[in-house]
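Student: Residue 16 in this note's numbering sits at position 23 of the sequence shown; the count goes up by one each step and never skips.
One structure follows; several queries about it will come next.
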Amino acid sequence: MARLLQTALLLVVSGACLFMAATAQTGTSQTGREYHVSVHGDDANEGSQEKPLRTISAAAQLAQPGDIITVHSGVYRESVQPPREGLRRISA
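Below you can see the structure in the form of structure tokens.
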């Protein structure tokens, strides 16, 4: 009986650990917003794929930790200074 209880407890703890690990890996990407930047955009736009921003700097000003900035192909001649921590660069 004690062995059965130990096995059941081990399964419950293992399941909880797996659930927490899966949630931690996907938590920010599910809640983050995606901003789009295009040379054909406008910084007055909302940053959606249909209405992209014009500059990377404008997207960096709007972005919060966990958000994604998608920079579409083109030449962007600007210096970007992210206004807060938690932003990182990912090259495609």
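Where is the CB? At the ideal position from N, CA and C, for every residue including glycine.
Just so it is clear, the structure is predicted and the values come from calculations on it, not from any experiment.
Kindly identify the DSSP beta-bridge partner or partners of Thr63.
Tutor: For the purposes of this step, residue 63 is identified with residue 70 of the sequence shown, where counting begins at 1. Note: Thr63 sits in a beta bridge opposite His29.
Student: Give me, in chain order, the residues of the same chain whose beta-carbon lies closer than 6 Å to that of Pro75; leave out the 5 immediate sequence neighbours on both sides.
Tutor: The sequence position of residue 75 within the sequence shown is 82, counting from 1. Ala53.
Student: What's the C-alpha gap between Asp60 and Ser41?
Tutor: Here residue 60 corresponds to residue number 67 of the sequence shown, with the count starting at 1. Here residue 41 corresponds to residue number 48 of the sequence shown, with the count starting at 1. For Asp60 and Ser41, the distance between alpha carbons rounds to 13 Å.
Student: Per DSSP, Leu46 forms a beta bridge with which residues?
Tutor: In the sequence shown, residue 46 corresponds to position 53, counting from 1. Leu46 is bridged to Val30.
Student: Among residues of its own chain, excluding the 5 on either side of Ser50, which ones have a beta-carbon nearer than 7 Å to its beta-carbon?
Tutor: On the sequence shown, residue 50 is found 57 positions in, with the first residue counted as 1. Result list for Ser50: Glu71, Val73, in chain order.
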